[in-house]
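Working notes, beginning with the structure itself.
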Amino acid sequence: MKLQLTVNGSATEASVEPRTHLADVLRDRLDLTGTHLGCEHGVCGACTLLLDGAPARSCITFAVACDGAAVTTIEGLDEDEIAAELRTAFAREHALQCGYCTPGMIMSARDLVLRLDHSDEQAIRVGLSGNLCRCTGYVGIVRAVRAVIEARRQRGIAAVVGAGRTTLGPVGSQPSAHATATSSAPPTMAKIEADRGVAISTLDIADAVPAKSFDASFTVNAAPAQVFALFGNVETLAACFPGATITAMPAPDHIEGEIRVAIGPLSAVFRGSARIDRNAADLSGRLIGTGRDQRSRTSTSGQISWCMLPIDEGRATRVALAIGYSLSGPLAQIARDGLVRDLASRITTTFAQNCDRHLNGTAGPAETPEPQRLNALALLLDVARNRLTGLARRMRGP
Ligand code: FES
Ligand code: FES
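First residue of the sequence shown? That's 49 in the working numbering, and the numbers climb one at a time after it.
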């Protein structure tokens, strides 16, 4: 695969195997051997470099994932002010012996010098805990980093919050500038079909057994047949779903789209596709889909089954939902069961309100619905408020 990088300020192109890691490209193709390889398992930190300005382990970063990125190796820090101060301090404090760990150590130390307000020993030790040194015993290294931080703060040079990073998540997990530029336009259905060499309608999204499942329900003021019809209109269905956007011409039984979620500064866009099955005989249906957030490399698959139950002598409908999902990747680590249920319950409430608006004409007949952004932070705060209220109630007793 063709790869474009800016390495130490110079534009570079390389042709690499998908399996090649960044350190090998730098060392073997570009002769930048200052990036050392120790464990090649992401443990020792010897291979640490800066990827778009943030420290990253180049032994476990696929080069192709860095397409369009700016890479800074130890060679690129020759003129860097902080690195120069660190080199002097390392030499003065005997912070190296064999020097094998030193390039990676300088990279991580530079990040700490940028970020830390004070020369707090514990914070420095924690910050350097991903860089192993088998020679020095760390005392000199910590002393050197403390000295540089102290000297800079005394000279009135303030810490940079987050070292200037604007994105969260593992470094290298962000879409590259190159990839972002080329993927901004949503693909058309024809393009997707051409790319895949198969008609969308024949794509098979396999059934899967979800890892987690739960039930939910909501009520709308419309007859079951009307609600079932709304569920049959893919565009309206997407418009009612908070944060959902269709990215390609939908078919009655197939939808390509994305769902945006924002949790504070962390945002995720799950792009994917879903198959929709409907059974008009019993007013039931099922949506089975898969999606992936490129930025956090989190994948999800899931299914939502529904059936329409008449209430209030058929003037209203209770929509019973069975929701199942599987989540894998970094975001799965924060998506606790209870949290997902609570979030789903909030989403369901908003979805129900939107359905009601559409069914009762208050959304406006010719309205083109804006894709709604799901503000999960507000939802999370709501969840936290509810949980605290429940806790207080339990503590007060019956
Ligand atoms: S060589 Fe990359 S972490 Fe050890
Ligand atoms: S100086 Fe030898 S491994 Fe750190």
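By construction, the Cβ of each residue, glycine as well, lies at the ideal position given by its N, Cα and C atoms.
To the nearest angstrom, how far is the alpha carbon of residue i from that of residue j?
{"i": "S349", "j": "V64", "result": "31 angstroms"}
{"i": "P223", "j": "A286", "result": "Low confidence applies to P223: its pLDDT is 48, below 50, so where it sits in the model is not reliable enough to give any reading."}
{"i": "A400", "j": "R366", "result": "10 angstroms"}
{"i": "G116", "j": "A328", "result": "50 angstroms"}
{"i": "L85", "j": "G152", "result": "10 angstroms"}
{"i": "A229", "j": "P272", "result": "Reliability fails at A229, whose pLDDT of 39 lies under 50, so the model's placement of it is uncertain and the value that follows must be treated cautiously. Approximately 45 angstroms between the Cα atoms of the pair."}
{"i": "R394", "j": "I371", "result": "14 angstroms"}
{"i": "V112", "j": "L436", "result": "46 angstroms"}
{"i": "S177", "j": "P103", "result": "13 angstroms"}
{"i": "S261", "j": "R441", "result": "28 angstroms"}
{"i": "L53", "j": "T60", "result": "5 angstroms"}
{"i": "I130", "j": "R158", "result": "6 angstroms"}
{"i": "P358", "j": "L70", "result": "59 angstroms"}
{"i": "Y373", "j": "T396", "result": "15 angstroms"}
{"i": "A62", "j": "K50", "result": "6 angstroms"}
{"i": "A137", "j": "G210", "result": "23 angstroms"}
{"i": "Q170", "j": "C114", "result": "32 angstroms"}
{"i": "F289", "j": "R363", "result": "23 angstroms"}
{"i": "G339", "j": "T83", "result": "36 angstroms"}
{"i": "I205", "j": "L78", "result": "35 angstroms"}
{"i": "C183", "j": "D126", "result": "24 angstroms"}
{"i": "T68", "j": "G175", "result": "28 angstroms"}
{"i": "I240", "j": "V73", "result": "Legend: pLDDT at I240 = 39, less than 50; position of this residue unreliable, value from coordinates given subsequently. For I240 and V73, the distance between alpha carbons rounds to 32 angstroms."}
{"i": "P66", "j": "A143", "result": "37 angstroms"}
Name the residue from the options whose alpha carbon lies nearest to the alpha carbon of residue i.
{"i": "A27", "options": "N179, R182 and S167", "result": "Shown here, the chain extends from 49 to 446; a query on residue 27 therefore has no answer."}
{"i": "D360", "options": "T267, M297 and R343", "result": "T267"}
{"i": "R191", "options": "R326, R363 and V161", "result": "V161"}
{"i": "A277", "options": "L331, M49 and P298", "result": "L331"}
{"i": "N179", "options": "R105, G124 and R201", "result": "R105"}
{"i": "N408", "options": "Q274, L144, F262 and V91", "result": "Q274"}
{"i": "L80", "options": "A211, V55 and L369", "result": "V55"}
{"i": "G188", "options": "A440, A259, I172 and F289", "result": "I172"}
{"i": "H406", "options": "M443, A292 and T284", "result": "T284"}
{"i": "T145", "options": "Q170, C181, R163 and A132", "result": "Here residue 145 turns out to be Gln, not Thr, going by the sequence shown. It is C181 whose Cα lies nearest to the Cα of Q145."}
{"i": "D341", "options": "D404, V317, E123 and R326", "result": "V317"}
{"i": "S156", "options": "T96, C403 and R200", "result": "T96"}
{"i": "G92", "options": "F110, G57 and C149", "result": "For the record, residue 92 in the displayed sequence is Cys; it is not Gly. Ranking the options by Cα distance to C92, first place goes to C149."}
{"i": "I303", "options": "D404, E169, A322 and A368", "result": "A322"}
{"i": "I336", "options": "T346, I324, S347 and I307", "result": "I324"}
{"i": "A299", "options": "N281, A392 and T346", "result": "N281"}
{"i": "S58", "options": "I108, T121, R163 and G339", "result": "T121"}
{"i": "R200", "options": "E133, C183, F138 and Q170", "result": "E133"}
{"i": "R203", "options": "D165, C183, A94 and Q170", "result": "D165"}
{"i": "S353", "options": "A364, R308, D128 and G333", "result": "G333"}
{"i": "S344", "options": "N269, G377, C355 and G124", "result": "G377"}
{"i": "I108", "options": "G101, D128, D100 and C87", "result": "C87"}
{"i": "A264", "options": "D76, T398, E306 and R163", "result": "T398"}
{"i": "C355", "options": "V73, I154, T293 and R326", "result": "R326"}
{"i": "D100", "options": "G90, L78 and G124", "result": "G124"}
{"i": "H89", "options": "F110, D76 and G291", "result": "F110"}
{"i": "A94", "options": "T293, S347, R319 and G147", "result": "G147"}
{"i": "A195", "options": "E141, D128, P258 and G175", "result": "E141"}
{"i": "A270", "options": "E306, N402, L375 and I197", "result": "N402"}
{"i": "D301", "options": "R308, V309, F279 and G291", "result": "F279"}
{"i": "A392", "options": "V309, A143 and L98", "result": "V309"}
Looking at the strands, I want to know which residues DSSP matches up with residue i.
{"i": "M356", "result": "V367"}
{"i": "E304", "result": "S321"}
{"i": "N327", "result": "S332"}
{"i": "R340", "result": "R319 and S347"}
{"i": "F54", "result": "At residue 54 the sequence reads Thr, which differs from the Phe that was named. T54 is bridged to A59 and A118."}
{"i": "D263", "result": "A370"}
{"i": "R105", "result": "T96"}
{"i": "A299", "result": "H302"}
{"i": "H69", "result": "F110"}
{"i": "S376", "result": "S347"}
{"i": "V268", "result": "T365"}
Which residue comes first and which comes last in the alpha helix (DSSP H) that contains residue i?
{"i": "V119", "result": "No alpha helix (DSSP H) holds V119; the beta strand (DSSP E) holding it covers A118 to T120."}
{"i": "I172", "result": "E169 to G175"}
{"i": "A292", "result": "No alpha helix (DSSP H) holds A292; the beta strand (DSSP E) holding it covers A292 to I294."}
{"i": "R163", "result": "T150 to R163"}
{"i": "Q274", "result": "P272 to G280"}
Beta strand (DSSP E) containing residue i: first to last residue?
{"i": "I189", "result": "Looking at the DSSP string, I189 is not in any beta strand (DSSP E); the run it does join, the alpha helix (DSSP H), is V187 to Q202."}
{"i": "A131", "result": "Looking at the DSSP string, A131 is not in any beta strand (DSSP E); the run it does join, the alpha helix (DSSP H), is E129 to R140."}
Below 5 angstroms from a heavy atom of ligand 2 - residues by beta-carbon
Residue selection by CB proximity (closer than 5 angstroms to any heavy atom of ligand 2) returns L144, Q145, C146, Y148, C149, C181, R182 and C183 in chain order.
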